[in-house]
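*Asks:* Under this note's numbering, think of the first position of the sequence shown as 3, with each following residue one higher.
Think of the CB as a built atom: it goes at the ideal place given N, C-alpha and C, for glycine as much as any other residue.
Here the structure is a predicted model, which means the values were calculated and not measured.
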Amino acid sequence: RAYVIAEQNDKAEAEFQTILNVAPANISALAALAELYLHEGQLDKAEGMLGRAAKASGGDPQFRMQWAVALARLHRYPAAQKALVGLAPPKARQERIAFHRLKASVASGLGNLPGAAAEMEKALALEPQDAGLILATAVAELQSENWHRAASLAQPLYSRTDDLQTGFVLLEAQLAMHQDSHKTLESLRATQLKASEELAFRQRLAELLLAYGESAAAVEELTRALELDPSRSESAYNLALAEFKAGRLDDALASAQKCKALADTADLEDLLGDIQEARGDNLGAVRSYQAAVTLAPNEEKYRLSFAVEFIRHQSFDAAREVLKQAEELWPKSWRIQLALGMAEYFAGTDEEASRLLLHAAELAPEPEIALHYLGDIQMDQVSPPAAATAARLCDYSDGHPLDGRLKYYCGALIFRRDYASGDKTHADEILSRLRSAANLLVKDGSPHCQMGRVYQWLERWQEALRESETCVRMDPDSPDGHYRLAQIYKHLGEPERSKQELTLHKAASERIVDQNARRDETMKTFLYTIQKEARDHK
3 RAYVIAEQND
13 KAEAEFQTIL
23 NVAPANISAL
33 AALAELYLHE
43 GQLDKAEGML
53 GRAAKASGGD
63 PQFRMQWAVA
73 LARLHRYPAA
83 QKALVGLAPP
93 KARQERIAFH
103 RLKASVASGL
113 GNLPGAAAEM
123 EKALALEPQD
133 AGLILATAVA
143 ELQSENWHRA
153 ASLAQPLYSR
163 TDDLQTGFVL
173 LEAQLAMHQD
183 SHKTLESLRA
193 TQLKASEELA
203 FRQRLAELLL
213 AYGESAAAVE
223 ELTRALELDP
233 SRSESAYNLA
243 LAEFKAGRLD
253 DALASAQKCK
263 ALADTADLED
273 LLGDIQEARG
283 DNLGAVRSYQ
293 AAVTLAPNEE
303 KYRLSFAVEF
313 IRHQSFDAAR
323 EVLKQAEELW
333 PKSWRIQLAL
343 GMAEYFAGTD
353 EEASRLLLHA
363 AELAPEPEIA
373 LHYLGDIQMD
383 QVSPPAAATA
393 ARLCDYSDGH
403 PLDGRLKYYC
413 GALIFRRDYA
423 SGDKTHADEI
433 LSRLRSAANL
443 LVKDGSPHCQ
453 MGRVYQWLER
463 WQEALRESET
473 CVRMDPDSPD
483 GHYRLAQIYK
493 HLGEPERSKQ
503 ELTLHKAASE
513 RIVDQNARRD
523 ETMKTFLYTI
533 QKEARDHK
């Protein structure tokens, strides 16, 4: 210890190691060496000494706490949690607060955000007026998405301190709850900052506003950020993005072109494509999307944007060409296979579309998107489904019992297969799947319509009547539902009601959306889905 006092740490370490060579469980030497390593910033070595001290002391609470702190600082959260198991909170208030804060840190590191917030609440209860604890607890509640509690903690603290961090917590909680946040936003904007601090502040505020869809408000912050440093291409890009999201298309185009003068990137060209498309300049959009591919030829997302632009304007051959080139580069990309499949569907080649979507589902870590489109396409067909397609949909449905749409597809496709062959041995399975789908899709009449068909096929007329009546009640525009109900009423000896249903069938048939219109509607959904996937993939 004399060497430590004299700051001769190398000699001190050597002496302590000599002691440990003779007595490996010497607690004093272990503790002193751990303290020395901590002082020198050698956290790994300190953790090793503290772990040995905790074991040598028979699980002394103080050593276990110190060991857990070191493990948490090393981000070894599972080990830190294990070190704390069974450890009672200390009696002294400040030590107790530190204990709960440590447990909160470990819980947060393990992804248990509600657990972290609960531990911070325990710490705050011991010192409820401590501003640092109030803020830390508000942050923990914010991270666990307990917006109301975060706001209730942050609001009074911000009112009396004008602390920026607290203001950001309050603003985010209000934005998340869709509460009026104008007062908080204006208060933050009025904060007097040093010139060196303002740029980071404006960027952080804009980022928060954009995250919650407040694009127009973000424009003001990003405009100021660009004024503070006109050479920052990142600020110019973010301003163009915010203006685009706010619907200020001409401003967005001007900002993007200024950004391009600073530095042209694939991200910028992709954004320019989006802006040009929204402005109705399709040719300009194509040029920008193509430029993005040229600047980043090895990134899938830009080729997807390029192909999607062609799909949007029904240039399916061009879309196929772009996607086929992408397929050569990324043969295992489910997104590319999905886009190829949907391009084939929109072009009218349903069989090839189904094959590609089935392949996309095989490649995707979460195949629901591809399977739902596959199911939609199959439901539009008249012929029996391919065995592989029906099997894949049913297998996935069996493993995901809460997906009502897939249960519906599976039951309906098995029925269509068996109806074509006249095989009624699977009727109970079909009805079971459709009933489950109806229970899950409480606002969708499709499962009831299918059950009406099945019961009619089985000549179980009262059940066919019940399900078909439910079908047309939930979907009054179903020509098939009204026609089937007319047949059932006729069979049951109710000619007048049958006649009424035929009249309704005729009216519904005149309103029915044709096949091309259905494809157009599916295209809108697909374009939204694939663009969201591409953004998430960036």
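(1) Three-state secondary structure (DSSP) at residue 23?
(2) Whose C-beta lies closer than 8 Å to the C-beta of residue 395 among residues of the same chain, with five residues either side of it excluded?
(3) Whose C-beta lies closer than 8 Å to the C-beta of residue 15 among residues of the same chain, with five residues either side of it excluded?
(4) Please report the distance separating the alpha-carbon of residue 78 from that of residue 104.
(5) Which whole runs of the alpha helix (DSSP H) in the segment 288-363 are 4 residues long or more, in chain order?
(6) If you measure between the beta carbons of residue 56 and residue 66, is that distance less than 8 Å?
(7) On a Cα-Cα basis, can you pick out the residue from 169, 532 and 273 that is closest to residue 141?
(8) For residue 4 and residue 132, I'd like the C-alpha separation in whole angstroms.
(9) Looking only at C-alpha atoms, which of 507, 19, 219 and 255 sits nearest to residue 282?
(10) Confirm, please, whether the CB-CB distance from residue 271 to residue 290 is below 8 Å.
(11) Could you give the distance in angstroms between the alpha-carbon of residue 8 and the alpha-carbon of residue 31?
(12) Can you say whether residue 303 is buried or exposed, counting buried as having 16 or more other CB atoms within 10 angstroms of its CB?
(13) Does residue 113 pass the burial test, meaning 16 or more other C-beta atoms within 10 Å, or should it be called exposed?
(14) Residues in the same chain with beta-carbon distance under 8 Å from residue 233, minus the five sequence neighbours each way, listed in chain order, please.
(15) In its own chain, which residues sit with a C-beta less than 6 Å from the C-beta of residue 479, not counting the 5 before and 5 after it?
(16) So residue 397 is in the alpha helix (DSSP H); what residue range does that whole segment cover?
(17) Would you report the Cα separation of residue 138 and residue 70, rounded to the nearest angstrom?
(18) Go ahead and pull the three-state DSSP assignment for residue 5.
(19) Report the residue from 445, 60 and 33 whose alpha carbon sits nearest the alpha carbon of residue 49.
(20) Which two residues bound the contiguous alpha helix (DSSP H) that contains residue 96?
(21) Give me the Cβ distance between residue 52 and residue 72, rounded to the nearest whole Å; I'm assuming they're in contact under 8 Å.
(22) For residue 539, count neighbouring C-beta atoms within 10 Å of its own C-beta (all shown protein chains included) and say buried if the count is 16 or more, exposed if not.
(23) Assign residue 384 to buried or exposed, taking buried as 16 or more other Cβ atoms, counted over all protein chains shown, within 10 Å of its Cβ.
(24) Which stretch, first to last residue, makes up the alpha helix (DSSP H) that contains residue 475?
(25) Whose C-beta lies closer than 7 Å to the C-beta of residue 238 among residues of the same chain, with five residues either side of it excluded?
(26) Buried or exposed for residue 202, please, with buried defined as at least 16 other CB atoms from any protein chain shown within 10 angstroms of its CB.
(27) State the DSSP-derived secondary structure class of residue 16, mapped to helix, strand or coil.
(28) Please classify residue 41 as buried or exposed, where buried requires at least 16 other C-beta atoms within 10 Å of its C-beta.
(29) Do residue 442 and residue 404 have their beta-carbon atoms positioned less than 8 Å apart in this structure?
(30) For residue 279 and residue 389, what's the separation of their Cα atoms in angstroms?
(31) From residue 366 to residue 501, what distance separates their C-alpha atoms?
(32) Where do the ends of the alpha helix (DSSP H) carrying residue 454 lie?
(33) What first and last residue would you give for the alpha helix (DSSP H) that runs through residue 483?
(34) On a CA-only basis, which of 419, 433, 528 and 507 is nearest residue 359? Give me that one, please.
(35) Sort 344, 498 and 481 by Cα distance to residue 316 and report the nearest one.
(36) Where does residue 41 sit, in a helix, a strand or coil, going by DSSP?
*Replies:* Quick look at the numbers:
(1) helix
(2) 373, 376, 377, 380, 408, 411, 412 and 415
(3) 35 and 38
(4) Spanning the two alpha carbons is a distance of roughly 13 Å.
(5) Entirely contained in the segment 288-363, the alpha helix (DSSP H) runs reaching 4 residues are, in chain order, 302-314, 318-331 and 336-349.
(6) yes
(7) 169
(8) Unreliable placement is indicated for residue 4, whose pLDDT of 49 sits below 50; the coordinate value is still reported in the next sentence. If you take the alpha carbons of residue 4 and residue 132, they lie about 39 Å apart.
(9) 255
(10) yes
(11) Residue placement at residue 8 cannot be trusted, given a pLDDT of 46 that sits under 50; what the coordinates show is reported in the next sentence. Straight-line Cα distance between these residues: approximately 17 Å.
(12) buried
(13) exposed
(14) 264
(15) Same-chain partners within the cutoff: 510 and 513.
(16) 389-401
(17) Going by the C-alpha atoms only, they are around 20 Å apart.
(18) With a pLDDT of only 47 at residue 5, under the threshold of 50, the placement of this residue in the model should not be trusted; the figure read from the coordinates follows. Assigned with DSSP and collapsed to three states, residue 5 falls in helix.
(19) 33
(20) 95-111
(21) Right, their Cβ atoms sit about 5 Å apart.
(22) Low per-residue confidence applies at residue 539: pLDDT is 48, beneath 50, and the placement is therefore not dependable, though the value from the model is reported in the following sentence. Label assigned to residue 539: exposed.
(23) exposed
(24) 463-476
(25) The beta carbon of residue 238 sits closer than 7 Å to the beta carbons of 228, 257, 260, 261 and 264 from its chain, once the five residues preceding and following it are set aside; these are given in chain order.
(26) Exposed, by the Cβ-count rule.
(27) helix
(28) exposed
(29) yes
(30) Cα to Cα, residue 279 sits roughly 41 Å from residue 389.
(31) 49 Å
(32) 448-459
(33) 481-493
(34) 528
(35) 344
(36) helix
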